[in-house]
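Colleague:
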Amino acid sequence: MIKLLRLPFLLGAAFLFIAAVSPTDAYSEIKVAIIDTGFCPEKLVKIKKNITIQSQIDFTRHKKWDCSKISKKVLNSSPRFHGHKVLLEFLKFAPKGEKITVKPMVVFDLKGEQSKEAWIKAIKYVEKGNFDFVLSASGFVTKEKFIDELPGIWFVPSGRIERSIKKNTVLFPQSLAPQVNLYLIGDYHDGRETFYDQSLLFQNVIDYYFPVGKGLFKGTSRAVAEAFGIALRSCYKAKELSPPHAMRLCLLKKSKNLRDPVLKIDFKTYQ
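Counting with numbering that gives the first Met the number 0, you get residues 0 to 270 for the letters of the sequence shown.
1. Give the single residue among Tyr207, Thr168, Glu192 whose Cα lies nearest to the Cα of Ser254.
2. Considering Ile29, what are the terminal residues of the beta strand (DSSP E) in which it resides?
3. Sort His81, Lys71, Glu97 by Cα distance to Met104 and report the nearest one.
4. Check whether the segment 245-254 and the segment 224-235 are in contact - that is, three or more C-beta pairs closer than 8 Å.
5. With C-beta atoms as the reference, is Phe139 less than 8 Å away from Gln113?
6. Does the segment 156-166 come close enough to the segment 61-77 that 3 or more CB-CB pairs lie under 8 Å?
7. Return the chain-ordered ranges of every alpha helix (DSSP H) run that is complete within the segment 75-137 and spans a minimum of 4 residues.
8. Along the chain, where does the beta strand (DSSP E) containing Leu248 start, and where does it finish?
9. For Ile264, which residues from the same chain have a beta carbon less than 8 Å from its beta carbon, with the 5 sequence-adjacent residues on both sides left out?
10. For Asp24, which residues of its own chain have a beta-carbon under 6 Å away from its beta-carbon, when the five flanking residues on both sides are left out?
11. From this set, Tyr124, Lys127, Ser137, Ile119, which residue's C-alpha is nearest Asp147's C-alpha?
12. Using three-state DSSP, classify Arg159 as helix, strand or coil.
13. Based on Cα-Cα distance, which residue from Pro243, Asp189, Asn203 lies nearest to Gly218?
14. According to DSSP, is Gly228 helix, strand or coil?
15. Distance, Cα to Cα, Ala121 vs Ile56?
16. Taking 7 Å as the limit between beta carbons, can you name the residues of its chain near Ser76, skipping five residues before and five after?
17. Give every residue of the same chain whose Cβ lies closer than 7 Å to the Cβ of Val125, excluding the five residues on either side of it in the sequence, and list them in chain order.
18. Indicate whether Phe154 and Tyr182 have their beta-carbon atoms separated by less than 8 Å.
19. In the DSSP assignment, what residue or residues form a beta bridge with Thr51?
20. Compute the distance between the beta-carbons of Pro78 and Thr36, then report whether it is under 8 Å.
21. Please report the residue range of the beta strand (DSSP E) in which Gly185 lies.
22. Note down the Cα distance separating Lys213 from Glu239, rounded to an integer number of angstroms.
23. Assign Gln270 to one of two classes, buried (16 or more other C-beta atoms within 10 Å of its C-beta) or exposed (fewer than that).
24. On a Cα-Cα basis, can you pick out the residue from Leu74, Leu86, Lys98, Val73 that is closest to Lys236?
25. Just mark Glu272 as buried or exposed, buried being the case when its beta carbon has 16 or more other beta carbons within 10 Å.
26. DSSP state of Leu4, grouped into three classes?
27. Tell whether a beta-carbon distance below 8 Å holds between Lys95 and Asn49.
28. Provide the residue span of the beta strand (DSSP E) that contains Lys267, from first to last.
29. Do the CB positions of Phe58 and Ala117 come within less than 8 Å of each other?
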């Protein structure tokens, strides 16, 4: 288990305190929580041997679904299983050698609605279970900051303007940024040229950017799943996962600048 040390920090040009990872750290297991809509872990095939996907836990009050009755078409296209697609995308980029345990957590009910109650239950579960990382490709529309500090290290999407999301919409946990253990991931349009996504929310506190993607699953949800997988893969090998400051320094070392040729905007990614 990776223990997180609470130390003073400064985001931006410098880190006031960079703590090195102790050589005695065991790194025997990385515990990951994925907070989202529905999952069907039993439908997964060809999972890497080092990764264990546990049964999902549902923090909503709605009746649960039977994954044995869910078709592949529904699993791939229904918003109800957005979380399952996030999990699949993460698995594409997850490291191969390290032991990783993934716990899917549901905070969206069958109507696609979230609640403060479900989010608080999920966060308490993460804290009590000593999870090292949380991947959540979602956000709860609320101006209320019902928690000041998140347990573990979180990767979340910045979000973007859509039908129900406006430029001034406030999302949780995105609204807690900047924090040393919270990464906001934006997307960009990649191809022959690299173009900045002007529809992103929280643009002033986005940490890194990854491709928007293609096909049925794309946007900041896809981008954050890739960003998290690569972060684990890169910084685990460098033994710089813990404490949060060490991981920030690790990703900074592995970062590179991208530039929109039209808007003349520079933004960072890592590899």
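In this text, a Cβ means the ideal position worked out from N, Cα and C, and glycines have one as well. In this text, all values refer to a predicted model and were calculated from it rather than measured experimentally.
Modeller: On the basis of the data shown:
1. Tyr207 is the residue among Tyr207, Thr168, Glu192 whose C-alpha sits nearest the C-alpha of Ser254.
2. 29-35 is the extent of the beta strand (DSSP E) around Ile29.
3. The residue with the shortest Cα to Cα distance from Met104 is His81.
4. Segment contact: the segment 245-254 against the segment 224-235, three or more CB-CB distances shorter than 8 Å; contact assigned.
5. Yes; because the gap between Cβ atoms is below 8 Å, this pair is in contact.
6. Too few Cβ pairs lie closer than 8 Å, so no.
7. Fully enclosed alpha helix (DSSP H) runs of no fewer than 4 residues occupy 81-92, 115-127 of the segment 75-137, in order along the chain.
8. Looking at the DSSP string, Leu248 is not in any beta strand (DSSP E); the run it does join, the alpha helix (DSSP H), is 243-252.
9. So the qualifying residues of the chain are Tyr195, Arg258.
10. Low confidence applies here, because Asp24 scores a pLDDT of 47, under 50, leaving its location unreliable; read the following figure in that light. Residues of the same chain with their beta carbon placed closer than 6 Å to that of Asp24 are lacking, with the five preceding and five following residues left out of the count.
11. Among Tyr124, Lys127, Ser137, Ile119, the Cα nearest to that of Asp147 is on Ile119.
12. The answer is strand: DSSP assigns Arg159 an E or B state.
13. Nearest option by C-alpha distance: Asp189.
14. Correct three-state label for Gly228: helix.
15. One C-alpha to the other measures close to 9 Å.
16. These residues qualify, in order along the chain: Leu215.
17. So the qualifying residues of the chain are Ala32, Val133, Pro150, Gly151.
18. Phe154 is a Cβ neighbour of Tyr182, given a cutoff of 8 Å.
19. The bridge partners DSSP lists for Thr51 are Thr100.
20. With respect to Thr36, Pro78 sits close: the two C-beta atoms are nearer than 8 Å.
21. Start and end: 181-188.
22. One C-alpha to the other measures close to 31 Å.
23. Exposed: under 16 other Cβ atoms inside 10 Å.
24. Checking every option, the nearest Cα to that of Lys236 belongs to Lys98.
25. The chain is shown from 0 up to 270; residue 272 falls before or after that span and cannot be answered.
26. In this prediction, Leu4 scores a pLDDT of 36, lower than 50, which makes its location untrustworthy; no coordinate-derived value is stated.
27. At the C-beta level, Lys95 and Asn49 come within 8 Å of one another.
28. Per DSSP, the unbroken beta strand (DSSP E) holding Lys267 starts and ends at 265-269.
29. For the 8 Å CB-CB criterion, Phe58 and Ala117 form a contact.
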